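Below is one structure; the comments refer to it alone.
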Amino acid sequence: MTAALLFVGCGSEPSSQPSAPPKSSPEPSPTPTEEPPELVGGGTELFPDKRFIALYGHPSYPALGALGEQSPEESADRAIELAEMYEAHSDEEIHPAFEIIVTLASEHPGDDGNYSAESDPEDIAEYVKVAEEHDVYVVLDLQPGHADFLTQAKIYEDLLKRPNVGLALDPEWRLSEGQVHMEQIGSVSAAEINETTEWLAELTEENDLPQKMVILHQFRQSMIRGREQVNTDHSELAMVLHADGHGSAQDKFATWDLLREDLPEDMRMAWKNFYRQDEPMFSPQQTFDVEPKPWFVSYQ
13 MTAALLFVGC GSEPSSQPSA PPKSSPEPSP TPTEEPPELV GGGTELFPDK RFIALYGHPS
73 YPALGALGEQ SPEESADRAI ELAEMYEAHS DEEIHPAFEI IVTLASEHPG DDGNYSAESD
133 PEDIAEYVKV AEEHDVYVVL DLQPGHADFL TQAKIYEDLL KRPNVGLALD PEWRLSEGQV
193 HMEQIGSVSA AEINETTEWL AELTEENDLP QKMVILHQFR QSMIRGREQV NTDHSELAMV
253 LHADGHGSAQ DKFATWDLLR EDLPEDMRMA WKNFYRQDEP MFSPQQTFDV EPKPWFVSYQ
């Protein structure tokens, strides 16, 4: 560098040509800002513009629900076909969904002693990927046994960071000390639900995600202790109570009406149709004739 500077300074006569003005630096291009992710169908809020029709079950056990009766791709096609059957009966957009049992109540304690078999998140990711490709919403369903809901929800944190993945809590399979599946019906406190939803709301906000659905399953009042204390104030979450009654129409409506009593503010109702246990199963029109019209319908 020194030699170059000396050579330039040794000319005997100054140049008669005026020096060219310095070139101005180009204006830096603004960094493009990435748009926040949206829900299936667009937007960042689940309700009141959307209703959902879901296949429910475990990927490996067809006996536990319609979701496990075919491959992920075929499940997406089946959910889409079901959703299309409801479009004529709704003013709102109808979207297909999966409700996937990701932790399964077990008769055996397992290595961790919690009577719940946790699916590998990588196995569930296959279904989530297919759902994303077909605009299918996903709800991850927890049956925790002697574990608690928050501990199990955190296993699937990476999947819950995706914009169209929500969470379902099934208190029937939340056991207290000394209880065993199929001998007692489990239950959960409002405090445990609130602890779980607080974590999920923070996860949603921190990752700039659209609103997430949280489903609480129930068919007896005793399954959610202190239900009036469940916090429904998180704007990041849409709370849904899923009535799991099956049998005759009379039995299903008895469960439905019971669970609607003293329903917490801002909690919406969901309905389940059972292929095997209902006598007979409701048609799409009959399902949407239920009052109030369900916001989420699953098929087991």
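Residue 13 is where the sequence shown starts when you use the working numbering, and the numbers rise one by one after that.
Glycine included, every Cβ here is placed at the ideal spot set by N, Cα and C.
As the structure is a computational prediction, the values presented were derived from the model and not from experiment.
- Distance from D182 to H229 at the Cβ level is roughly 4 angstroms; contact confirmed, criterion being Cβ atoms closer than 8 angstroms.
- Under the three-state reduction of DSSP, N206 is assigned to helix.
- Counted as a single uninterrupted DSSP element, the alpha helix (DSSP H) harbouring D135 occupies residues 133 to 145.
- Classified as buried, A109 has 16 or more neighbouring CB atoms from the shown chains inside 10 Å of its CB.
- In the three-state reduction of the DSSP assignment, Y149 falls in the strand class.
- From the listed residues G190, A91, A165, A203, the smallest Cα separation to A143 is found for A91.
- Per the DSSP secondary-structure output, K264 pairs with nothing in a beta bridge.
- In the displayed model, S201 falls within a strand according to three-state DSSP.
- G238 places its beta carbon 8 angstroms or farther from that of A213.
- For F286, the three-state secondary structure derived from DSSP is coil.
- The alpha-carbon separation between G122 and H158 amounts to approximately 11 angstroms.
- When secondary structure is reduced to three states using DSSP, K173 falls in the coil class, being assigned neither helix nor strand.
- Distance from the CA atom of H70 to the CA atom of L116, rounded to whole angstroms, is 8 angstroms.
- Per DSSP, the continuous alpha helix (DSSP H) segment holding Y98 begins and ends at 84 to 98.
- Rounded to the nearest angstrom, the gap between the Cα atoms of K141 and P133 is 12 angstroms.
- Taken through DSSP and simplified to helix, strand or coil, L253 comes out as strand.
- Setting aside the 5 residues that flank it on each side, V242 is surrounded in the same chain by A202, I205, P276, each with a C-beta closer than 6 angstroms to its C-beta; the list follows chain order.
- Take E240, set aside five residues on each side of it, and the residues of its chain with a beta-carbon closer than 7 angstroms to its own are D274, P276, in chain order.
- Using a 10 angstroms sphere on the CB of Q233, the tally of other CB atoms stays under 16, which defines it as exposed.
- Just measuring C-alpha positions, the residue of T299, P304, S260, L271 sitting nearest Y311 is T299.
- At least 8 angstroms separates the beta-carbon of V177 from that of V148.
- Separation of the CB atoms of V252 and W185 is rounded to 18 angstroms, and the pair is thereby denied contact status at 8 angstroms.
- In terms of Cβ geometry, S199 and Q155 do not form a close pair [threshold 8 angstroms].
- Looking at G77, Y139, M225, the one whose alpha-carbon comes closest to that of D278 is M225.
- The beta carbon of P49 sits closer than 7 angstroms to the beta carbons of P175, L221, P222 from its chain, once the five residues preceding and following it are set aside; these are given in chain order.
- Counting of Cβ neighbours within 10 angstroms places R288 among the exposed residues, the total staying below 16.
- Just so you know, the alpha carbons of Q191 and Y68 end up roughly 26 angstroms apart.
- In the displayed model, T115 falls within a strand according to three-state DSSP.
- In summary, M235 is buried, with 16 or more beta-carbon neighbours lying within 10 Å of its beta-carbon over all protein chains present.
- The shortest CA-to-CA distance from K173 to any of E86, L152, L76, D160 is the one to L152.
- Look at G69 here: in three-state DSSP terms it is strand.
- With contacts defined by Cβ atoms closer than 8 angstroms, P74 and E85 do not form a contacting pair.
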